[in-house]
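Novice: Got a structure for you, questions after.
4 protein chains.
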Amino acid sequence: MSKKIRLGILGGGADSLIGVLHRVASQINDNYQIVGAVFNPDYEENLAFAKEIDIPTDRIYKDFDTLVAEEMKLPKEDRIQVCSILTPNFLHFPMAKKLLDNGFHVICEKPMTTTHDEAKILLEAQKKTGAVFAVTHTYTGYPMVRQMREMIKAGELGKIHKVDARYYQGWINPIIHNKEKRSSVWRLDPKKAGISSCMGDIGVHAFNLVEYTTGLKIRSLLCDFNYLYSDNQMDVDGTVLIRMGEHSKGVIRGSQVATGEENGLAIAIYGEKASLRWEQERPNYLYKMSDTEPTQIYKPGHAYNSKLSLDGTKLPPGHPEGIFDSMANIYLGVARAIRGQKYNDGEFPTIVDGVRGLNFIESTVESHKKGNVWVELVD
Amino acid sequence: MSKKIRLGILGGGADSLIGVLHRVASQINDNYQIVGAVFNPDYEENLAFAKEIDIPTDRIYKDFDTLVAEEMKLPKEDRIQVCSILTPNFLHFPMAKKLLDNGFHVICEKPMTTTHDEAKILLEAQKKTGAVFAVTHTYTGYPMVRQMREMIKAGELGKIHKVDARYYQGWINPIIHNKEKRSSVWRLDPKKAGISSCMGDIGVHAFNLVEYTTGLKIRSLLCDFNYLYSDNQMDVDGTVLIRMGEHSKGVIRGSQVATGEENGLAIAIYGEKASLRWEQERPNYLYKMSDTEPTQIYKPGHAYNSKLSLDGTKLPPGHPEGIFDSMANIYLGVARAIRGQKYNDGEFPTIVDGVRGLNFIESTVESHKKGNVWVELVD
Amino acid sequence: MSKKIRLGILGGGADSLIGVLHRVASQINDNYQIVGAVFNPDYEENLAFAKEIDIPTDRIYKDFDTLVAEEMKLPKEDRIQVCSILTPNFLHFPMAKKLLDNGFHVICEKPMTTTHDEAKILLEAQKKTGAVFAVTHTYTGYPMVRQMREMIKAGELGKIHKVDARYYQGWINPIIHNKEKRSSVWRLDPKKAGISSCMGDIGVHAFNLVEYTTGLKIRSLLCDFNYLYSDNQMDVDGTVLIRMGEHSKGVIRGSQVATGEENGLAIAIYGEKASLRWEQERPNYLYKMSDTEPTQIYKPGHAYNSKLSLDGTKLPPGHPEGIFDSMANIYLGVARAIRGQKYNDGEFPTIVDGVRGLNFIESTVESHKKGNVWVELVD
Amino acid sequence: MSKKIRLGILGGGADSLIGVLHRVASQINDNYQIVGAVFNPDYEENLAFAKEIDIPTDRIYKDFDTLVAEEMKLPKEDRIQVCSILTPNFLHFPMAKKLLDNGFHVICEKPMTTTHDEAKILLEAQKKTGAVFAVTHTYTGYPMVRQMREMIKAGELGKIHKVDARYYQGWINPIIHNKEKRSSVWRLDPKKAGISSCMGDIGVHAFNLVEYTTGLKIRSLLCDFNYLYSDNQMDVDGTVLIRMGEHSKGVIRGSQVATGEENGLAIAIYGEKASLRWEQERPNYLYKMSDTEPTQIYKPGHAYNSKLSLDGTKLPPGHPEGIFDSMANIYLGVARAIRGQKYNDGEFPTIVDGVRGLNFIESTVESHKKGNVWVELVD
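Protein chains in written order, with this note's numbering: chain X, 24 to 402; chain Z, 24 to 402; chain P, 24 to 402; chain S, 24 to 402.
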């Protein structure tokens, strides 16, 4: 390692939680320096925020286009190397596209775009430059999620015949049950938020987790949404039957009206020889089960973990690292990729995962709208 | 209370686990005396078993028909009052039918019959005599399951918009993965075991738990099975989308190949105001969640519980009662009903629940076979 | 097995919880028949209770002395073989003594007597007849407690250097904080309840659990009580430093004012090679920990358990058995002993455990009263 | 907020875990910039490390004295404002003393010094300048630890009559059981590591947690150590009886040989009205118990939490923050104090806590060495 990577931030100003998450994560492993940003569409607020977090204001730009234009005038060794896109979903695509076209690396929040078609266009653009492109499926950075991936890859579960993932939250309850709110909030307006609420916002994380950990591709799905109210236009709850193969099936359950659930992402993977269970809210506990042996509790930092898992732990066992550390692990992988250092498959989700995600989201909507029929995912 | 109820046992001899469960449960509240039985089709083994558990052998009969015939000769005050049917599934119907026709009360293991039609015939027969008829959905006897029912009935959850139940076991793994075993074992032979393995054996418990606790009826379902092998004829895993109303939906997940799972029946019920979560393997912990208050852990025996729940607890809080006690609560309710004492709705599952169960099982098979389409349940 | 053992019950009538526990436990494995009893000092209530639970009243006696006198007139093959003593503590000694002297077997609630001296007298009496004598340290009947014992005996933990046991309850809070109640209730009156409340009632269970599971003897102890109020004469909380050897130490913590705790008996045993943790309120989960391997969760009924543990399980894994089943296991061991059948060390706590318990209780009081000094336990 | 605070680092270079913890924590809330350091006694390694983490090397000094001398030459507005002392324990005192005498603020790892006398000297020095002085009892930064403090301060528990804290680790096992290692490692050499291993390293955290959360002072203690081997000179395990008042008692349990325990700090606080339980390894779960209500699970980020607790949470409920975030909260409080902003009592542990800690450590050693007698702590 040596000189810090020059990072630009798009969005994530003021009280933005995703902004805190990315900013902290970028600082955790001493790899990045924020050199430029458009934190906020309002230029004054933009500048004020930069001052608040003590970032030099000379490269705080008034808008995204200016950022690109001005940075391109700088010599390559001073120019922003990678931009984190934390803006509302519909801006992901145009920003990412322009960044790629101008040779920047990209870290993009999910969903990567608002349509599968846009996602495929980005993929083509990325292929041209070979830029590093990460989609922040944050949860893949947890040491025990990585451990699942490696244990499965090593064959510890045998053939996988069943996967059960869920992402349950309850936060949309106060909005959805209020007629006025549900008809006015941008989150539930398909024109502003895209075609799906529950699947687009959280279901896609569960989908990604399934493919990330198992190494399997979901081939087809059948989905049933719950809109809760007839005048509501967006899914706030849904169940997705999935098929990875003829005899390898499962279910993805998502909800934003699961009252009292906070951020309940969880997965259980059942294989011929053994199984794994993990929950995001207790990220440092991974359960390996079998029909004949005592269940084992894997925890981070122990020598029995895989290299990929151990690489994501900074402290000895028993010192709980959390979601900032998980995101930091993704930023660490991206840093290695940008520097051309050796890194492992699985250190960060790529643009290919982003494309898959959009394919999933669109397919769930299609399945539901056609009356809960099976829809094939493309490869 | 006074004189013990005269109980007959059909099946459940030798190493039968269901036999132990019923026998112990019947003794727990000092209500029943086993006076007659056909524990075993082999008369010698039948007699030997009666001696082993020290039951007088004079009313240990050589077969079911003899039991009925001989008992009918006895004066009513000596005659068996109620029979527990613990035989293989296909015998439930003929036995229950004959018992009802001869004026006996019945406690019947689930599934109550092998077809929905048989179930409806039993219901007609029961209506004629008004006999007490319990189907042993054992899990409804747990104090915290009863507490869920009462809390929901009292409106603590508000409108229920989501139900998520699962019953995961892994025990069939060693059979299903062995080609010879899976083609020879009676459990996976539809001619012997009925039309469904996973849904008939355990899915129906989850179904019953949903209806028992929520007080809602499942109106329609869509089901996808996993047979795991092309040469296997019975479902060993399946996911069922369910609808209780236009905006009240959910999912029932069942598996006998969920490697490492033991007896993983669980339910989560999400309402407008609050939610409940419960797991059979930790039966004395009930979680009530809301979006704004700390999650609450309800435990048995506390004064804050409902009357129905407290009636199912014998010891103070912290003294774990288990599955025998749960079944004993069902036997207690049946005893009260037989004695014409006051008892509450919910003390034991009735023949109506048995009919619903068969309707559920047949509908899952129909849905799957027709290509995962929606099937309506009758009322 | 064959003919049921003739059981007599002393105490435990009406609403007595300990009565329910013993009565149910005695019925669970088809070994005992209650043939005689003095459930209650009031003869009318005694008879009424016998009728309520449908026991023939001809051998329901008006008092203990009559029971012994009348039973001794019966031929040996009809006579009560074993009596369960469930009366208030101060009656344990005279009853047990007389029963032993007349050749009866005894099952005795804890504490076995009110003084160590009485306990030693009982031991002498028992040695003369060789009667079976069990002290109902109920918790030793749990399958996972037995499993701990067997794993330690097999050397899986190596040398044990640390033991940490606790028994925390909160039930005495409403009494102790009320000046009138705490000065009037028999529980806190040393003349009626013996010299110790917390250690005599629950601390002794923790003590027994330490010695039962580890196979070690506690050699000396130092104790500090908390009386909470200057006008209270009995310990309601205390911590006991213990030494099993020069480098093998530990702590026993007891409380009846641990607000919100229900029946919080727990133990952690740390050895050179591995450790074990267990909690009474989740009795079917045993954790084996080591410094280098994932923690393992042992559960009842699996083939990986010891013979002694498996003998205490009636159903397959995942079907939670509870405290009635634990007590039933003790009754099962006693039945085998009475019948002269083969049984294993550890199937029930004996009179020697009872003597140890009194030694412990008296030593804690002595240590505290002398100003928290070390007191040796005799062998 | 505005310009970042100029931070100096002493120690914590290379693979130092405590170095990572402080460095990351200082970056998390955008408050600090590391401007100077002596990461390592070896100047070359010192420089190399600064380059590795991309810090300008012009203020990387060859040793501590040079750092002070050179920084004092700088104008006040450029000079290091606060130094984090992460060096071996015996260096804490001389460094902290000199820093205070030269007007620097100090963040000091625990134990603050190696003796109580040194600690008192520091306190005097700090009083002279009024410098901000934090001792990094990291665990006080957790939102739920803060919540405990505030709930108790608000009287939710009533009078506290019992406190039970533990800090169990197993990491010293491989050293202590090896005769050669235990006689050579600096950790177990009193000349190098100070008078106590277990109490000095971890027991003091438990002590601090008791006083931090309850607001009570521990008045006296009685301690028993376990050295495990006769040739070992340092405590590796110990139990401490504590008294906060005549009727307010408790126990602190510490171990470095609790095989399989990772970083098992936990506390239970029992009050007249309610109780609290918390464990460091699941830091986001706080249990509030009472004798009559369901146990409540408090989690971070909910509006029902206190201001002090909410101030320590960056993300919505269900996004687990961990130990880095806990330390970052302490750094945040220190930043506010340095900037003269309003901050609350409890945002960081002060030098007074450091003095108390040394008083505790010395008292445990004194109690044990004198034969487990009571030792008074000074005020």
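Note that beta-carbon positions come from the ideal geometry of N, C-alpha and C, so glycine has one too.
Please decide whether Z:R305 counts as near chain P, where near means a Cβ-Cβ distance under 8 Å.
Specialist: Locating residue 305 of chain Z in the second sequence gives position 282, counting from the first residue. It does: the Cβ of Z:R305 has a partner Cβ on chain P nearer than 8 Å.
Novice: Take the Cβ of P:D95 as the centre, count every other Cβ of all protein chains shown within 10 Å, and call the residue buried at 16 or more, exposed below.
Specialist: As a first step, residue 95 of chain P must be located in the third sequence, where it is residue number 72. Per the sequence shown, residue 95 of chain P should be read as Met rather than Asp. So P:M95 ends up on the exposed side.
Novice: Which residue comes first and which comes last in the alpha helix (DSSP H) that contains X:I353?
Specialist: On the first sequence, position 330 is the one that residue 353 of chain X refers to. Looking at the DSSP string, the run of the alpha helix (DSSP H) that includes X:I353 is 346-361.
Novice: Where are the beta strand (DSSP E) runs, 3 residues long or more, that stay fully inside the segment 291-324 of chain P, in chain order?
Specialist: List check, beta strand (DSSP E) in window: 298-302, 309-312, 318-321.
Novice: Where does P:A157 fall in DSSP's three states?
Specialist: Within the third sequence, numbered from 1, the residue matching residue 157 of chain P stands at position 134. P:A157: strand per DSSP, three-state reduction.
Novice: Please list the terminal residues of the continuous beta strand (DSSP E) segment that includes S:A60.
Specialist: The sequence position of residue 60 of chain S within the fourth sequence is 37, counting from 1. Note, S:A60: beta strand (DSSP E), 55-61.
Novice: Relative to chain X, which residues along the segment 355-368 of chain S have a C-beta separation below 8 Å, given in chain order?
Specialist: Correct list: empty, as no residue qualifies.
Novice: Quick one: list the residues of chain P neighbouring X:P317, beta-carbon separation under 8 Å, in chain order.
Specialist: Counting from one through the first sequence, the residue named residue 317 of chain X turns up at place 294. Going along chain P in sequence order, the residues near X:P317 (Cβ under 8 Å) are K311, Q319, I320, Y321, K322, H325, Y327.
Novice: For P:M267, name the three-state secondary structure that DSSP assigns.
Specialist: As a position in the third sequence, residue 267 of chain P is number 244, starting the count at 1. Three-state result, P:M267: strand.
Novice: Excluding the five sequence neighbours on either side, which residues of its own chain have a C-beta within less than 8 Å of the C-beta of S:I57, listed in chain order?
Specialist: Mapped onto the fourth sequence, residue 57 of chain S falls at position 34. Hits under 8 Å: L30, G31, I32, R46, S49, I78.
Novice: Consider the Cβ of P:H63: report whether some Cβ of chain S lies at a distance smaller than 8 Å.
Specialist: As a first step, residue 63 of chain P must be located in the third sequence, where it is residue number 40. The sequence given here has Asn at residue 63 of chain P, not His. No, no contact with chain S.
Novice: Measuring CB to CB, does S:L145 end up less than 8 Å from S:L114?
Specialist: Mapped onto the fourth sequence, residue 145 of chain S falls at position 122. Mapped onto the fourth sequence, residue 114 of chain S falls at position 91. No, the Cβ-Cβ distance between S:L145 and S:L114 is not below 8 Å.
Novice: Candidates P:Q170, P:R189, P:G178: which alpha carbon is nearest P:I225's?
Specialist: On the third sequence, residue 225 of chain P is found 202 positions in, with the first residue counted as 1. Comparing Cα positions, the closest option is P:R189.
Novice: Straight-line CA distance for Z:T336 to Z:P166?
Specialist: Here residue 336 of chain Z refers to the residue found at position 313 when the second sequence is read from its first residue. Here residue 166 of chain Z refers to the residue found at position 143 when the second sequence is read from its first residue. Z:T336 and Z:P166: Cα-Cα distance of roughly 7 Å.
Novice: Just checking: is the beta-carbon of X:N286 within a distance shorter than 8 Å of some beta-carbon in chain Z?
Specialist: As a first step, residue 286 of chain X is located in the first sequence; it is residue number 263 there, counting from the start. Output row for X:N286: interface = no.
Novice: Taking Cβ positions only, does S:T282 come closer than 8 Å to chain P?
Specialist: The residue labelled residue 282 of chain S in the question sits at position 259 within the fourth sequence. Closer than 8 Å to some Cβ of chain P, the Cβ of S:T282 qualifies, so yes.
Novice: Specify the secondary structure class of Z:K185 as computed by DSSP and reduced to three states.
Specialist: Reading the second sequence from its first residue, position 162 is the one you call residue 185 of chain Z. Of the three classes helix, strand and coil, the one that applies to Z:K185 here is strand, per DSSP.
Novice: To the nearest angstrom, how far is it from the Cα of P:I346 to the Cα of P:W397?
Specialist: Along the third sequence, one-based indexing puts residue 346 of chain P at 323. Along the third sequence, one-based indexing puts residue 397 of chain P at 374. Distance between the alpha carbons of P:I346 and P:W397: 35 Å.
Novice: In chain C, which residues lie less than 7 Å from Z:R276 when you measure between Cβ atoms?
Specialist: In summary, chain C is missing from the structure at hand, where the protein chains are X, Z, P and S.
Novice: How big is the Cα-Cα spacing for X:Q192 and X:W301?
Specialist: Counted from its first residue, the first sequence places residue 192 of chain X at position 169. Counted from its first residue, the first sequence places residue 301 of chain X at position 278. C-alpha separation (whole angstroms): 17 Å.
Novice: Excluding the 5 residues preceding and the 5 following X:I28 in the sequence, name in chain order all residues of the same chain whose CB lies nearer than 8 Å to its CB.
Specialist: Within the first sequence, residue 28 of chain X is the residue found at index 5, counting from 1. Only N54, Y55, Q56, Q104, V105, A358, I361, R362 meet the Cβ criterion.
Novice: Of all Cβ atoms in chain P, is any one closer than 8 Å to the Cβ of Z:H128?
Specialist: On the second sequence, position 105 is the one that residue 128 of chain Z refers to. Closer than 8 Å: no.
Novice: Under a three-way DSSP split, which group does Z:F371 fall into?
Specialist: Start at 1 with the first residue of the second sequence, and residue 371 of chain Z comes out as number 348. Three-state DSSP puts Z:F371 in coil, outside helix and strand.
Novice: For S:K365, does the three-state DSSP call read helix, strand or coil?
Specialist: Looking up residue 365 of chain S in the fourth sequence gives position 342. Note: S:K365 maps to coil in three-state DSSP.
Novice: Can you look up Z:R242 in the DSSP assignment and give me helix, strand or coil?
Specialist: As a position in the second sequence, residue 242 of chain Z is number 219, starting the count at 1. In the structure shown, Z:R242 sits in coil (DSSP, three-state: anything other than H, G, I, E or B).
Novice: Name the DSSP bridge partner or partners of X:D247?
Specialist: Here residue 247 of chain X refers to the residue found at position 224 of the first sequence. X:D247 pairs with X:T262.
Novice: Please determine, among X:K74, X:S278, X:A37, X:M118, the residue with the shortest C-alpha to C-alpha distance to X:A92.
Specialist: On the first sequence, residue 92 of chain X is found 69 positions in, with the first residue counted as 1. When only C-alpha atoms are compared, the closest one is X:M118.
Novice: Between the Cα of S:I218 and the Cα atoms of S:I51, S:S39, S:F383, which residue gives the shortest distance?
Specialist: Position 195 of the fourth sequence holds residue 218 of chain S. Out of S:I51, S:S39, S:F383, S:F383 has the C-alpha closest to the C-alpha of S:I218.
Novice: Give the range of the beta strand (DSSP E) segment to which S:S107 is assigned.
Specialist: As a working mapping, residue 107 of chain S is identified with position 84 in the fourth sequence. Here the beta strand (DSSP E) through S:S107 covers 105-108.
Novice: How about S:K240: is its C-beta nearer than 8 Å to some C-beta of chain X?
Specialist: Your numbering for residue 240 of chain S matches position 217 in the fourth sequence. Not an interface residue.
Novice: Pick out whichever of X:L70, X:G181, X:C246 has its Cα sitting closest to the Cα of X:I265.
Specialist: Residue mapping note: residue 265 of chain X aligns to position 242 of the first sequence, counting from 1. Comparing Cα positions, the closest option is X:C246.
Novice: Nearest to S:E269 by alpha carbon, out of P:N249, P:D260, P:E284?
Specialist: For the purposes of this step, residue 269 of chain S is identified with residue 246 of the fourth sequence, where counting begins at 1. Answer by Cα proximity: P:N249.
Novice: Distance cutoff 8 Å, beta carbons only. Does Z:L333 sit that close to anything in chain X?
Specialist: By 1-based counting over the second sequence, the position of residue 333 of chain Z is 310. Closer than 8 Å: no.
Novice: Return yes when the Cβ of S:S329 is within less than 8 Å of the Cβ of S:L180, no when it is not.
Specialist: The sequence position of residue 180 of chain S within the fourth sequence is 157, counting from 1. The sequence position of residue 329 of chain S within the fourth sequence is 306, counting from 1. No, they are not a contact pair.
Novice: DSSP three-state label for S:M24, please.
Specialist: Along the fourth sequence, one-based indexing puts residue 24 of chain S at 1. Residue placement at S:M24 is flagged as unreliable, the pLDDT there being 41, under the threshold of 50; the coordinate-derived value follows with that caveat. DSSP places S:M24 in coil when its eight states are reduced to three.
Novice: Could you tell me if P:N63 is buried or exposed, where buried requires 16 or more neighbouring beta carbons within 10 angstroms of its beta carbon?
Specialist: Translated into positions along the third sequence, residue 63 of chain P becomes position 40. Buried is the call here.
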